[in-house]
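Engineer: Line by line, the protein sequences give chains W and C.
For what it's worth, this note's numbering labels the leading residue of the first sequence as 837, then goes sequentially.
For what it's worth, this note's numbering labels the leading residue of the second sequence as 837, then goes sequentially.
Just so it is clear, CB atoms sit at the ideal spot from N, CA and C, and this is done for glycine as well.
Please read these numbers as outputs of a predicted model, since none were measured by experiment.
Starting off with a structure, shown below.
2 protein chains.
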Amino acid sequence: MDPATFRRHGHELVDWIAEYLEHPERYPVLSRVRPGEIASALPRHAPEAGEPFDAIMADFERVLVPGLTHWNHPGFFAYFAITGSAPGVLADFLSAALNQQAMLWRTSPAATELEEVTLAWLRRLIGLPEAFEGVIYDTASIASMHALVAAREAAIPGVRAKGLAGRPDVPRIRVYCSEQAHSSIDKAVIAIGLGHESLRKIAVDDAYRMRVDALDAAIAEDRADLWLPIAVVATVGTTSTTSVDPVAAIADVCEREQLWLHVDAAYAGVAAMLPSHAHILDGADRADSLVVNPHKWLFTPFDLSAFYCRRMDMIRAAFALTPDYLMTAEAGQVKNLMDTGVQLGRRFRALKLWMILRSYGAQTIRQHLSAHIQLAQQLAGWIDAHPDFERLAPVPFSVVCFRWKPAGRTLSDEALDAANQRLNDAVNQTGEVFISPTKLRGRVALRVAIGHIRTTEQHVRRVWDLLQTHAHAS
Amino acid sequence: MDPATFRRHGHELVDWIAEYLEHPERYPVLSRVRPGEIASALPRHAPEAGEPFDAIMADFERVLVPGLTHWNHPGFFAYFAITGSAPGVLADFLSAALNQQAMLWRTSPAATELEEVTLAWLRRLIGLPEAFEGVIYDTASIASMHALVAAREAAIPGVRAKGLAGRPDVPRIRVYCSEQAHSSIDKAVIAIGLGHESLRKIAVDDAYRMRVDALDAAIAEDRADLWLPIAVVATVGTTSTTSVDPVAAIADVCEREQLWLHVDAAYAGVAAMLPSHAHILDGADRADSLVVNPHKWLFTPFDLSAFYCRRMDMIRAAFALTPDYLMTAEAGQVKNLMDTGVQLGRRFRALKLWMILRSYGAQTIRQHLSAHIQLAQQLAGWIDAHPDFERLAPVPFSVVCFRWKPAGRTLSDEALDAANQRLNDAVNQTGEVFISPTKLRGRVALRVAIGHIRTTEQHVRRVWDLLQTHAHAS
Chain W
837 MDPATFRRHG
847 HELVDWIAEY
857 LEHPERYPVL
867 SRVRPGEIAS
877 ALPRHAPEAG
887 EPFDAIMADF
897 ERVLVPGLTH
907 WNHPGFFAYF
917 AITGSAPGVL
927 ADFLSAALNQ
937 QAMLWRTSPA
947 ATELEEVTLA
957 WLRRLIGLPE
967 AFEGVIYDTA
977 SIASMHALVA
987 AREAAIPGVR
997 AKGLAGRPDV
1007 PRIRVYCSEQ
1017 AHSSIDKAVI
1027 AIGLGHESLR
1037 KIAVDDAYRM
1047 RVDALDAAIA
1057 EDRADLWLPI
1067 AVVATVGTTS
1077 TTSVDPVAAI
1087 ADVCEREQLW
1097 LHVDAAYAGV
1107 AAMLPSHAHI
1117 LDGADRADSL
1127 VVNPHKWLFT
1137 PFDLSAFYCR
1147 RMDMIRAAFA
1157 LTPDYLMTAE
1167 AGQVKNLMDT
1177 GVQLGRRFRA
1187 LKLWMILRSY
1197 GAQTIRQHLS
1207 AHIQLAQQLA
1217 GWIDAHPDFE
1227 RLAPVPFSVV
1237 CFRWKPAGRT
1247 LSDEALDAAN
1257 QRLNDAVNQT
1267 GEVFISPTKL
1277 RGRVALRVAI
1287 GHIRTTEQHV
1297 RRVWDLLQTH
1307 AHAS
Chain C
837 MDPATFRRHG
847 HELVDWIAEY
857 LEHPERYPVL
867 SRVRPGEIAS
877 ALPRHAPEAG
887 EPFDAIMADF
897 ERVLVPGLTH
907 WNHPGFFAYF
917 AITGSAPGVL
927 ADFLSAALNQ
937 QAMLWRTSPA
947 ATELEEVTLA
957 WLRRLIGLPE
967 AFEGVIYDTA
977 SIASMHALVA
987 AREAAIPGVR
997 AKGLAGRPDV
1007 PRIRVYCSEQ
1017 AHSSIDKAVI
1027 AIGLGHESLR
1037 KIAVDDAYRM
1047 RVDALDAAIA
1057 EDRADLWLPI
1067 AVVATVGTTS
1077 TTSVDPVAAI
1087 ADVCEREQLW
1097 LHVDAAYAGV
1107 AAMLPSHAHI
1117 LDGADRADSL
1127 VVNPHKWLFT
1137 PFDLSAFYCR
1147 RMDMIRAAFA
1157 LTPDYLMTAE
1167 AGQVKNLMDT
1177 GVQLGRRFRA
1187 LKLWMILRSY
1197 GAQTIRQHLS
1207 AHIQLAQQLA
1217 GWIDAHPDFE
1227 RLAPVPFSVV
1237 CFRWKPAGRT
1247 LSDEALDAAN
1257 QRLNDAVNQT
1267 GEVFISPTKL
1277 RGRVALRVAI
1287 GHIRTTEQHV
1297 RRVWDLLQTH
1307 AHAS
């Protein structure tokens, strides 16, 4: 593509994107295509001859756009609602054009050092001490996997060299998290060879927080049974209810038991920027590692996960190795990102975090976070006041869990589950909103997650209206 | 950022990028900043108040651009030279704006199904059979890690549940690769708990290809010593010399020994699109998995790694698990990308591969690959014809390894190493080219990797001129 053509299509694309971001509500939130519909509309083979970009964009609009689920829609209330904000989108465009690959300091001093600077900015904003060094990964799944590799490295002599198999000196290993922890912790223990049974899930209290007494008991029981406890994962903002584990009390346990403490604050960690919510990270200063995802609630286009570690030397002890073709004169004087993890290649992700933090400024970001929390409180209030709905969990942040439960009628749990699943699906079929359910104590729970920057009271009011309307219809 | 402002800055950015991509040679290839220079030029804290995008872009130009190493410069000959082509850059811009997170089919049917379609296109282009299912990861490091997890899953009963530790029924494990295999294989065996010693590196022949007789002997020896061999990693295009392991003969061994065969074709795999080079994947149809990186030699902005697997059920057996908050009605009828690996979140990477394959078409891509290979042959010819330079490896693709070794003078190996390292650094200091050395049989080797789409004979001639000039000076 010659420069003039790039310019022309670039300008057209800016206009397309501007229009798209201005009117995300023109599309149904949740795509209405059927499985296989997109694939069957596309040719089976790549073309032999090149095609004009206009034709490709036309197919994009015709075939692919109907297959998008619109994460940019202000009626997106499913999972964790996220935002790819305008400064972040521009930064990612620039990042793609620069095509930096920051495996070594010398292959991108700017990406390497901007990562350090922006992660320090974010660290100070959420109140973590200087002792935490940061690195950017793609996802919290990868960040938590690295945390557990570091825990393994710290706990098991020679594990980098000798691994875990065929070693009579290494007993069965335990990692602890609550029943409400994220599935990425399950995948991490599987991936790194500890096995799924190594993950012991600790019971939660009425507010879905890890019970420290149960953690204590589990560790004692495991030690008696000759398991080797190595780590605890505490969650600040669990996925289903955004409950906050008692990090300080868990840190006490970890100090006493000499266990690695990893804090999964992927969703809620940024809320510590708010004076009202700074306490959510109480005790996290004593954690060994923590993950927070700017791509969740910090208006950053997917993907950018910030991993902080007080013992990054353990990550390096596990992973640093320099083959002949990656030797550089400045090794030892600089940070080479390849030393902090599995991935050799690293995108220039810091650029978007830098542009977003500067473009909004901390004040405006706090205002958006507060507004989301406020909207969730409003919704919780409406639910609490309604005789036919029941709230199922506290609302510490911007997610509300509840269910339809009609007053004056006795329905079995199974009937309530089925009715709530139908209600969930019915409001999604309107195309105006998208919610995703979960289960709490084994029962279907409706769940509204507020997190998109364009979501206003009007949108929250609308999902609530739809829920009431369809509850009556179903 | 309001829509009008986004539009304005978007258009300005298109012009900036167009100008940048038109004149990448205005900058020194390798950044000239000193360690810490970028970080110290930036404030210690994020701003409280938002700043205009113009101010941010001004700082980007003033502070960050001098810290870029220009992977877009046609004089970039280091590592593997890569290209973030114009259609790919536009696609990544669109992808950032759409902000799809394709963990589940329903969270982006378009991203999920386009991934399947484009990976099938690429699979057919490189001649792999239908039996290979594809998935996109960020990097080959992650792809190869997943391959070895699958090998572990296939070989060790109950490993997902029970892991590797504290199991008298699981002996020490072996994985094999050549001495020239990529460091990502080392990191993978460490990450997944096999330990670095589990990786046995097999000697290579004169052309840096794995010796199958040595592989045979190693497996026999290990079996006798009660190690459990589980996998062999064959490389098609090793990092130092781009040598090609004898995949078909290795496949014979793997079939006989019942070992997982993973083919690391991250760099060279795309060359199988050329009739002249289709043979490089001979035998790969019998592999269990293969990785090829469009972000290396297929003009795709970093990151996009294509992983193909004949036994994706083993990846799913290891990783598929669906927590309550990710249940969907269509589970079982659709592919949910989260089931194929550690990462839950998935970017819409297929969009750029689709736009690139369509925009260039297979013919033009083949022409570019051929041109790069041709340029490397030319350079190899010049080196072979020069009395003071010595070529150190065959040139099957677009990378040339050689060293300065003056005719008629006897220099110790150490003196030659030092002189070649000085020569490497001297040509890099010109700012016109960037090369990165390696070591071959323990000695410093210069290395010119041709892979950028804008690299022409003029640039290759220039690096050769600079090498000759500075060889005399040093």
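Going by the DSSP bridge assignment, what does Trp1240/C pair with across the sheet?
Structural biologist: The partner list for Trp1240/C (beta bridge, DSSP) reads Phe1225/C.
Engineer: Taking just the CA atoms, how far does Leu1095/W sit from Val999/W?
Structural biologist: This sequence places Gly at residue 999/W; Val is not what is there. If I take the Cα positions, the gap works out to 19 Å.
Engineer: To the nearest angstrom, how far is the alpha carbon of Phe889/W from that of Ala1167/W?
Structural biologist: Approximately 43 Å, taken between the alpha carbons.
Engineer: Assuming Lys1275/C is part of the beta strand (DSSP E), what are its boundary residues?
Structural biologist: Element bounds for Lys1275/C: 1274 to 1276.
Engineer: By DSSP's criteria, Pro1065/W is part of a beta bridge. Which residues make up the other side?
Structural biologist: BP columns for Pro1065/W point to Arg1010/W.
Engineer: Given that Ser1076/C touches chain W, what residues does it touch there, using C-beta distances under 9 Å?
Structural biologist: Correct list: Pro1159, Asp1160, Tyr1161.
Engineer: Quick check on Leu1035/W: does DSSP put it in helix, strand or coil?
Structural biologist: Residue state, collapsed to three classes: strand.
Engineer: Considering only the beta carbon of each residue, do Phe1155/W and Ala947/W sit closer than 7 Å?
Structural biologist: Cβ distance not < 7 Å, so Phe1155/W and Ala947/W don't count as in contact.
Engineer: Tell me whether Leu1126/W sits in a helix, a strand or coil according to DSSP, three-state version.
Structural biologist: Reduced to three states, the DSSP call for Leu1126/W is strand.
Engineer: Taking the straight line between their C-alpha atoms, what separation do you get for Leu1062/C and Leu1097/C?
Structural biologist: When rounded, the distance between both Cα atoms is 21 Å.
Engineer: If you run the structure through DSSP and keep just helix, strand and coil, what is Tyr1000/C?
Structural biologist: Sequence inspection shows Leu at residue 1000/C; the Tyr mentioned does not correspond to that position. Looking at Leu1000/C - three-state DSSP - the assignment turns out to be coil, as it is neither helix nor strand.
Engineer: On a Cα-Cα basis, can you pick out the residue from Trp1218/C, His1032/C, Arg1047/C that is closest to Ala1039/C?
Structural biologist: Ranking Trp1218/C, His1032/C, Arg1047/C by Cα distance to Ala1039/C puts Arg1047/C first.
Engineer: Does chain C have any CB closer than 7 Å to the CB of Pro1230/W?
Structural biologist: Judged by the 7 Å Cβ criterion, Pro1230/W is not in contact with chain C.
Engineer: Output yes if chain C places a C-beta closer than 7 Å to the C-beta of Gln1016/W; else output no.
Structural biologist: For Gln1016/W, the answer is no, since every Cβ of chain C falls outside 7 Å of its Cβ.
Engineer: Chain C beta carbons: is any one of them nearer than 7 Å to that of Arg1122/W?
Structural biologist: False, the Cβ-Cβ gap to chain C never drops below 7 Å.
Engineer: Tell me which same chain residues have a C-beta within less than 7 Å of the C-beta of Leu1180/C, skipping the five on either side of it?
Structural biologist: Here the set comprises Met939, Met1174.
Engineer: Rounded to whole angstroms, what's the CA-CA distance from Ala882/W to Gly920/C? Just pull it up for me.
Structural biologist: Distance between the alpha carbons of Ala882/W and Gly920/C is about 19 Å.
Engineer: Does Ala983/C come out as helix, strand or coil in the three-state DSSP assignment?
Structural biologist: DSSP places Ala983/C in helix when its eight states are reduced to three.
Engineer: So which of Val1236/C, Arg1298/C, Leu1302/C, Pro1082/C has the shortest CA-CA distance to Asp1261/C?
Structural biologist: Of the listed residues, the one whose Cα sits closest to Asp1261/C is Leu1302/C.
Engineer: Please check if any C-beta of chain W sits within less than 7 Å of the C-beta of Pro945/C.
Structural biologist: True, the Cβ-Cβ gap to chain W drops below 7 Å.
Engineer: Out of curiosity, what's the CA-to-CA distance linking Ile1338/W and Leu1211/W?
Structural biologist: Since the first residue shown for chain W is 837 and the last is 1310, residue 1338/W is missing from the structure and cannot be characterised.
Engineer: Thr1071/W by DSSP, collapsed to three states: which one?
Structural biologist: DSSP places Thr1071/W in strand when its eight states are reduced to three.
Engineer: State yes or no: is the beta carbon of Leu1097/W nearer than 7 Å to at least one beta carbon in chain C?
Structural biologist: No, because no Cβ of chain C sits closer than 7 Å to the Cβ of Leu1097/W.
Engineer: So, using beta-carbon positions, are Val1080/W and Pro1232/W closer together than 7 Å?
Structural biologist: The answer is yes: Cβ separation under 7 Å.
Engineer: So what does DSSP say about Met939/W, is it helix, strand or coil?
Structural biologist: Of the three classes helix, strand and coil, the one that applies to Met939/W here is coil, per DSSP.
Engineer: Does the beta-carbon distance from Thr1077/C to Cys1237/C come in below 7 Å?
Structural biologist: Cβ atoms of Thr1077/C and Cys1237/C: closer than 7 Å.
Engineer: Exposed or buried, what is Gln1016/C when buried is set at 16 or more other beta-carbons lying within 10 Å of its beta-carbon?
Structural biologist: Per the 10 Å Cβ criterion, buried.
Engineer: Skipping 5 residues on each side, what residues in its chain have a beta carbon closer than 6 Å to that of Thr1382/W?
Structural biologist: One cannot answer for residue 1382/W here, as it falls past the ends of chain W, which runs 837 to 1310.
Engineer: State the DSSP-derived secondary structure class of Asp1100/W, mapped to helix, strand or coil.
Structural biologist: Strand at Asp1100/W.
Engineer: Helix, strand or coil for Arg1183/W per DSSP?
Structural biologist: Reduced to three states, the DSSP call for Arg1183/W is coil.
Engineer: Could you give the residue range of the alpha helix (DSSP H) that holds Ile1271/C?
Structural biologist: Per DSSP, Ile1271/C belongs to no alpha helix (DSSP H) and is neither H nor E.
Engineer: How many angstroms separate the CA atom of Ile1151/C from the CA atom of His1032/C?
Structural biologist: Cα to Cα, Ile1151/C sits roughly 22 Å from His1032/C.
Engineer: Taking the alpha-carbon of Phe1132/C as reference, which of Ala1285/C, Gly1278/C, Asp1118/C, Asn1172/C has the nearest alpha-carbon?
Structural biologist: Correcting the residue type first, residue 1132/C is Lys in the shown sequence and not Phe. Ranking Ala1285/C, Gly1278/C, Asp1118/C, Asn1172/C by Cα distance to Lys1132/C puts Ala1285/C first.
Engineer: Which same chain residues end up closer than 8 Å to Lys1023/C when comparing Cβ atoms and leaving out the 5 residues on each side of it in sequence?
Structural biologist: Only Ser977, Met981 meet the Cβ criterion.
Engineer: Tell me which residues share the same chain as Leu1187/W and place their Cβ nearer than 7 Å to its Cβ, disregarding the 5 neighbours each side in the sequence.
Structural biologist: Within the same chain, Leu1187/W has close Cβ partners Ala927, Leu930, Ser931, Leu950.
Engineer: Short check: CB of Ala875/C to CB of Glu969/W, under 7 Å?
Structural biologist: Cβ distance not < 7 Å, so Ala875/C and Glu969/W don't count as in contact.
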